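Novice: Quick one: this structure, given as structure tokens, is what I'll be asking you about.
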Amino acid sequence: MRIPSRLPRAIRRSYRNPAAPRHAFAARAPFWDCAARWRRYRQSVNDAPSPPQRKIIHVDMDAFYASVEQRDDPALRGRPLAVGGGVRGVVAAASYEARRFGVRSAMPAVTAQRRCPELVFVKPRFDVYRAVSQTIRAIFLDYTPLVEPLSLDEAYLDVTEDLKGIGVATRIAGEIRARIRAETQLTASAGVSYNKFLAKLASDQNKPDGLCVVPPGKGEAFVGPLPVKRFHGVGPKTAEKMAALGILTGADLRAQSLAFLTHNFGSSGDYYYNLARGICHRQVKPDRPYKSIGAEDTFLEDLSDEAALRGELDRISQTVWRRIEDKGIVGRTVTLKVKYRDFQIVTRARSLGRAVAGREEFLEIGCALLHGLMPPPKSIRLLGLTLSGLSDRKAWPLGVELELPL
């Protein structure tokens, strides 16, 4: 009997052996079973609900330190006020009345006084600021456990899971601001959006005592006209480099290719590419104990002169010490980080038997560590200062020697 050649092999075999088709298809059963399972998996993925759009709120107190001082002393209300100062001090915070004269935080007190001769300086009361901050933190926690404090006066909240059934993040933000005003007699501004980057930018839009919302799909248009120096992760040096490349706004940044940004900014290029499109994947991370607090800076031009390097350390120490004061903690170990022009990194550290007494001592130790590396074998492109061995300020007062039971 002639077997047609165009028939499937299993059927052609059946001409010779009637049981052949059954054996052939049985051999292929695992394949068909896998294919069926794959189809069921794809269907389940298509049918599964997509994750909810994140709802992020960034709350920022308005001129927090200065506002607390004006709240507690009616004589200061309506007057240009700076918290901080001293002969060699800096402005820790400025009231809105002072800001109209160009007074800003981290500005040398001498410069601030020159810009505003009527400026009133008051000493900071960090214990009071921390107490108020705790009241505000308790309000946040009534709405979500996902609270990420950035300092005493600002925090991110993830309210995607609506614990109170309010339904809309904008209404949650409004309710939080109303409670802060009622319980502290202070005002707060808030930004609401679908990621941290946009929420933070939004909270600055309508200050003071304002609310701004960036809804889904509007992020790219929102960041377009904003200056890149306001973007998270774009510090003064990076902003200066971007300006030299003609990148001043979000729209300018969006006009650059990923290859261009990666070439000029390394691994950060991908991050900047996303920011220009309103994309940010950073999660809200609840508060966790700090092991160390520090800051570092990369210079536009490599430095070798010790005096210039000490000046940079002075500026870095101010940044670190503001964070230390904000968090109400102290530390006993100072670490200096040096990165040379060839990217070699050297660290030096010194530990005390007590807490570092203040910013001046913190800077003094950092400069002593730097002096031990002078003259540098090659020019320096980055300096960093870190304080570690941290503990609560109340548990270990500043300048008190640790007594050992010997």
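Residues in the sequence shown are numbered consecutively from 11, following this note's numbering.
We treat Cβ as the ideally placed atom computed from N, Cα and C, and that holds for glycine.
Treat the numbers as computed from the prediction; the structure is a model and nothing was measured.
Considering L263, what are the terminal residues of the alpha helix (DSSP H) in which it resides?
Specialist: The residue given as residue 263 occupies position 253 in the sequence shown. It spans G260 to R264 - the alpha helix (DSSP H) in which L263 sits, taken as one unbroken run.
Novice: Skipping 5 residues on each side, what residues in its chain have a beta carbon closer than 6 Å to that of R287?
Specialist: Taking the first residue of the sequence shown as 1, we reach residue 287 at position 277. If we look at R287 and ignore the five residues flanking it on each side, its Cβ neighbours are E230.
Novice: Who does A118 pair with in a DSSP beta bridge?
Specialist: By one-based count along the sequence shown, residue 118 stands at place 108. It is Pro, not Ala, that sits at residue 118 in the sequence shown. Answer is V100, bridged to P118.
Novice: For P237, which three-state DSSP category applies?
Specialist: Counting from one through the sequence shown, the residue named residue 237 turns up at place 227. It is a strand residue.
Novice: What's the gap between the Cα of C126 and the Cα of F111?
Specialist: Taking the first residue of the sequence shown as position 1, residue 126 is located at position 116. Taking the first residue of the sequence shown as position 1, residue 111 is located at position 101. The straight-line gap from Cα to Cα measures roughly 6 Å.
Novice: Would you kindly report the start and end of the unbroken beta strand (DSSP E) that includes V178?
Specialist: Counting from one through the sequence shown, the residue named residue 178 turns up at place 168. V178 -> no beta strand (DSSP E), and no H or E assigned at all.
Novice: So, using beta-carbon positions, are Y166 and V294 closer together than 7 Å?
Specialist: Here residue 166 is taken as the residue at index 156 of the sequence shown, counted from 1. Here residue 294 is taken as the residue at index 284 of the sequence shown, counted from 1. Yes, the pair counts as a contact, with Cβ atoms nearer than the cut-off.
Novice: Please look up how many angstroms separate the CB atoms of A92 and A104, rounded, as I've assumed it's under 8 Å.
Specialist: Translated into the one-based positions of the sequence shown, residue 92 becomes position 82. Translated into the one-based positions of the sequence shown, residue 104 becomes position 94. With 8 Å as the limit, A92 and A104 qualify as a contact, their Cβ atoms being about 5 Å apart.
Novice: Closest by CA to I146, which one among M117, S115, L196 and P134?
Specialist: Position 136 of the sequence shown holds residue 146. When each option's Cα is compared against that of I146, the closest is L196.
Novice: Residue ranges of each alpha helix (DSSP H) run of no fewer than 4 residues wholly in the stretch 192-257, ordered along the chain?
Specialist: 206-213, 229-233 and 246-254
Novice: Which first and last residues belong to the beta strand (DSSP E) in which G94 is found?
Specialist: Residue 94 sits at position 84 when you count from the first residue of the sequence shown. Element bounds for G94: L91 to G94.
Novice: Identify, in the order they occur along the chain, each residue of the same chain with its Cβ nearer than 6 Å to the Cβ of L414, setting aside the five sequence neighbours on each side.
Specialist: Here residue 414 is taken as the residue at index 404 of the sequence shown, counted from 1. Only weak support is given to the placement of L414: the predicted model assigns it a pLDDT of 32, under 50, and the question is left unresolved by the model.
Novice: If you follow the alpha helix (DSSP H) that F131 is part of, which residue opens it and which one closes it?
Specialist: Position 121 of the sequence shown, counting from 1, holds the residue named residue 131. Counting along the chain, F131 falls outside any alpha helix (DSSP H), though it belongs to the beta strand (DSSP E) covering V130 to V132.
Novice: Tell me which residues share the same chain as V169 and place their Cβ nearer than 7 Å to its Cβ, disregarding the 5 neighbours each side in the sequence.
Specialist: Here residue 169 refers to the residue found at position 159 when the sequence shown is read from its first residue. K65, I67, Y153, T154, A179 and I182.
Novice: Are the Cβ atoms of G5 and F131 separated by less than 7 Å?
Specialist: Since the first and last residues shown for the chain are 11 and 416, residue 5 lies out of range.
Novice: Could you compute how far the alpha carbon of H291 sits from the alpha carbon of P62?
Specialist: What you label residue 291 is simply residue 281 of the sequence shown in a count that begins at 1. What you label residue 62 is simply residue 52 of the sequence shown in a count that begins at 1. Distance between the alpha carbons of H291 and P62: 14 Å.
Novice: Whole angstroms is fine: what's the gap from R187's alpha carbon to K210's?
Specialist: Mapped onto the sequence shown, residue 187 falls at position 177. Mapped onto the sequence shown, residue 210 falls at position 200. Near 16 Å, if we compare the C-alpha coordinates of K210 and R187.
Novice: Helix, strand or coil, according to DSSP, for G184 in the structure here?
Specialist: Numbered from 1 along the sequence shown, position 174 holds the residue referred to as residue 184. The answer is helix: DSSP assigns G184 an H, G or I state.
Novice: Based on DSSP bridge pairs, tell me the residues matched to L313.
Specialist: Counted from its first residue, the sequence shown places residue 313 at position 303. Within the DSSP bridge table, the entry for L313 names I390 as partners.
Novice: What is the rounded straight-line gap between the Cα of G409 and the Cα of T308?
Specialist: Here residue 409 corresponds to residue number 399 of the sequence shown, with the count starting at 1. Here residue 308 corresponds to residue number 298 of the sequence shown, with the count starting at 1. Summary for G409: the model assigns pLDDT 49, below 50, so the residue's position carries little reliability; its value from the coordinates is reported in the next sentence. Near 31 Å, if we compare the C-alpha coordinates of T308 and G409.
Novice: Within the same chain, show all residues whose beta-carbon is closer than 8 Å to that of N216, passing over the 5 residues directly before and after it, in chain order.
Specialist: Residue 216 sits at position 206 when you count from the first residue of the sequence shown. Cβ neighbours of N216 beyond the five flanking positions: S199 and C222.
Novice: Does any heavy atom of the ligand ZN sit closer than 6 Å to the C-beta of V157?
Specialist: Summarising the ligand content, the structure contains no ligands, and the ligand ZN is consequently not present.
Novice: Let me know the secondary structure DSSP gives T343 once reduced to three states.
Specialist: Indexing the sequence shown from 1 puts residue 343 at position 333. The answer is strand: DSSP assigns T343 an E or B state.
Novice: Quick test of your reading: S389 and R351, contact by CB under 8 Å. State the CB separation rounded to the nearest angstrom.
Specialist: If you number the sequence shown from 1, residue 389 lands on position 379. If you number the sequence shown from 1, residue 351 lands on position 341. With 8 Å as the limit, S389 and R351 qualify as a contact, their Cβ atoms being about 5 Å apart.
Novice: Go through its chain and collect everything with a Cβ distance to A212's Cβ below 6 Å, but skip five positions before and after it.
Specialist: Position 202 of the sequence shown, counted from the start, is the residue given in the question as residue 212. Result list for A212: G201, S203, C222 and V224, in chain order.
Novice: Let me know if D163 comes out buried or exposed under the rule of 16 or more other beta-carbons within 10 Å of its beta-carbon.
Specialist: If you number the sequence shown from 1, residue 163 lands on position 153. Under this definition D163 is a buried residue.
Novice: Leaving out the 5 sequence neighbours to the left and right, which residues in its chain are closer than 6 Å to P407 when beta-carbon positions are compared?
Specialist: In the sequence shown, counting from the first residue as 1, residue 407 sits at position 397. Only weak support is given to the placement of P407: the predicted model assigns it a pLDDT of 48, under 50, and the value that follows is read from those uncertain coordinates. There are no such residues.
Novice: Would you list the residues sitting across from G304 in a DSSP beta bridge?
Specialist: For the purposes of this step, residue 304 is taken as the residue at position 294 of the sequence shown. Note: G304 sits in a beta bridge opposite T396.
Novice: Under a three-way DSSP split, which group does I190 fall into?
Specialist: On the sequence shown, residue 190 is found 180 positions in, with the first residue counted as 1. Helix.
Novice: So what does DSSP say about S267, is it helix, strand or coil?
Specialist: In the sequence shown, residue 267 corresponds to position 257, counting from 1. Of the three classes helix, strand and coil, the one that applies to S267 here is coil, per DSSP.
Novice: Just verifying my parser: in three-state terms, what is the DSSP assignment at T145?
Specialist: Sequence index remark: in the sequence shown, residue 145 carries index 135 (1-based). DSSP places T145 in helix when its eight states are reduced to three.
Novice: With DSSP as the reference, identify every bridge partner of D70, one or two as the case may be.
Specialist: Taking the sequence shown and counting its residues from 1, the one referred to as residue 70 is at position 60. Partner(s): E164 and S199.
Novice: Indicate the three-state DSSP secondary structure (helix, strand or coil) for S105 in the structure shown.
Specialist: Position 95 of the sequence shown holds residue 105. Residue state, collapsed to three classes: coil.
Novice: To which residues of the same chain is Y282 closer than 7 Å at the C-beta, ignoring the five residues directly before and after it?
Specialist: Stepping through the sequence shown from its first residue, residue 282 is reached at position 272. Correct list, in chain order: L263, L271 and F275.
Novice: Between P90 and A108, how many whole angstroms is the CB-CB distance? I'm expecting something under 8 Å.
Specialist: In the sequence shown, counting from the first residue as 1, residue 90 sits at position 80. In the sequence shown, counting from the first residue as 1, residue 108 sits at position 98. The pair is a contact, with the Cβ atoms about 4 Å apart (cut-off 8 Å).
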